[in-house]
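Worksheet for the structure shown next.
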Amino acid sequence: MSWIPTQPQAVAALTLTAALVLTALPSDAVMAAPPSAPGPALAAVTFAPGRGSQGTRAAAAEASHSPTLPAAAQARPATVPASSIVVAFARSHLRAHYRASATGPASFDCSGLIWRVFKEAGLGGKVTSQSARSIYLSYRARGLASRHDPRIGDLVVWGNGSHIGVYIGNGRAISALIRGVRVHRVRAMLTPFTAYLHTHLSTLARPAWKLQVATHMRTLRHTTRSVFLRDRPSRSGASVGSLRVGTRFVVLARRKDGAGRLWLRAMTLGGRTGWVPALASTR
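Now the structure itself:
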């Protein structure tokens, strides 16, 4: 007479089998989500029953139809400090020209640079004005202005709001000066130092792909026609999506295919990645 497990016995067999299989998985069985998929991703775990007992096979079959995965098997997207992203965007605009009331991307005044940098970093709520004086008064009214203990990503104000920049550490700041966007010492300005405005970016995290966008911002291009994103630099590469005409992206890498055509590894400002033909884009 064959043994037919009761419901509690079947549940116990399932639990034991899942534990044994997950323990046997290699350490890299659960992969993190790639930059092209900034949202949470689920790692698929395949149960492959061998010549085990009937109970083991039944448990594996039931587990393979389970609608959810253990919490440990859910990959989390990589994040980085928001302060690193802000500084990277600020550095991407170094050497840009100065022009009064300009907000970029080719020219800036001091507050226009700060407004642009925080907007690009997805932190526009931290800088809601294009006036250095207004930014200063807003932070001071909330008790977020002081002359001590700056953190990377804080704002720096000189002349009671006549000039503003972003603090990058080691007593230095980036700001838009008459000679252009430059790195300089906080205390080396002719205009007297007023205060640091504490943005508390050290307590915030943002998707790591935003740091990649910031790092490559100087390579910014846009598509001149609708184009497929491909998984490799070739016309035979599988499509992983498409970009509309005018889509902005940064260039992560360049490569030629067998026919000598140049391809660009693109990352959109929303984090999507793939290869596009260089001829389909321009600066």
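Under this note's numbering, read the sequence shown as residues 1 to 283, first letter to last. Backbone N, C-alpha and C define an ideal beta-carbon position, used for all residues, glycine too. No experiment lies behind these values; they were computed from the predicted model shown.
Separation of residue j from residue i, as counted between CA atoms
i: His-222; j: Arg-283; result: 6 Å
i: Gly-237; j: Asp-257; result: 11 Å
i: Ala-208; j: His-200; result: 18 Å
i: Ser-2; j: Arg-272; result: Here Ser-2 scores only 40 on pLDDT, less than 50, and its place in the model should not be relied on; the value that follows carries that caveat. Taking the straight line joining both Cα atoms gives about 55 Å.
i: Ala-266; j: His-163; result: 36 Å
i: Val-127; j: His-216; result: 23 Å
i: Gly-124; j: Val-227; result: 30 Å
i: Ala-253; j: Leu-264; result: 6 Å
i: Arg-116; j: Val-251; result: 20 Å
i: Gly-52; j: Thr-79; result: For Gly-52, the predicted structure reports a pLDDT of 41, less than 50, and the residue's modelled location is therefore unreliable. The matter cannot be settled from this model.
i: Ser-239; j: Ala-106; result: 34 Å
i: Pro-277; j: Val-245; result: 13 Å
i: Leu-144; j: Pro-150; result: 11 Å
i: Ala-141; j: His-148; result: 17 Å
i: Arg-255; j: Ser-84; result: 29 Å
i: Gly-165; j: Ala-188; result: 13 Å
i: Ala-132; j: Ala-102; result: 13 Å
i: Pro-192; j: Ile-114; result: 19 Å
Beta-carbon spacing of residue i, residue j below 8 Å
i: Asp-109; j: Ala-121; result: no
i: Val-183; j: Gly-171; result: no
i: Trp-275; j: Arg-232; result: yes
i: Phe-118; j: Val-86; result: yes
i: His-198; j: Ser-146; result: yes
i: Ala-280; j: Thr-219; result: no
i: Gly-169; j: Ala-82; result: no
i: Gly-180; j: Arg-95; result: yes
i: Leu-137; j: Gly-161; result: yes
i: Gly-104; j: Gln-130; result: no
i: Leu-211; j: Ala-88; result: yes
i: Ser-242; j: Leu-262; result: no
i: Tyr-167; j: Tyr-196; result: yes
i: Tyr-98; j: Ala-205; result: no
i: Ser-92; j: Ala-214; result: yes
Beta-bridge pairing of residue i - partner residues as DSSP gives them
i: Val-157; result: Ile-164 and Ala-195
i: Ala-249; result: Sequence inspection shows Phe at residue 249; the Ala mentioned does not correspond to that position. Answer is Arg-221 and Thr-268, bridged to Phe-249.
i: Ile-174; result: Val-166 and Val-183
i: Trp-263; result: Arg-255 and Pro-277
i: Arg-283; result: Paired residues: none, contrary to the question.
i: Ser-242; result: Phe-228
i: Arg-206; result: Val-80
i: Ser-111; result: The partner list for Ser-111 (beta bridge, DSSP) is empty, contrary to what the question assumes.
Whole-angstrom C-beta distance between residue j and residue i, which should lie under 8 Å
i: Trp-158; j: Thr-203; result: At roughly 26 Å, the Cβ-Cβ gap does not stay under 8 Å, so Trp-158 and Thr-203 are not in contact.
i: Ala-90; j: Ile-174; result: 4 Å
Any non-hydrogen atom of the ligand NAP within 7 Å of residue i CB
i: Ala-188; result: The model depicted lacks the ligand NAP and carries no ligand whatsoever.
Which runs of the beta strand (DSSP E) fall wholly inside the segment 77-102 and span at least 3 residues, in chain order? Within the segment 77-102, the complete beta strand (DSSP E) runs of at least 3 residues are 79-81.
Can you give, in chain order, each stretch of the alpha helix (DSSP H) that sits fully within the segment 121-156 and has at least 4 residues? Within the segment 121-156, the complete alpha helix (DSSP H) runs of at least 4 residues are 132-141.
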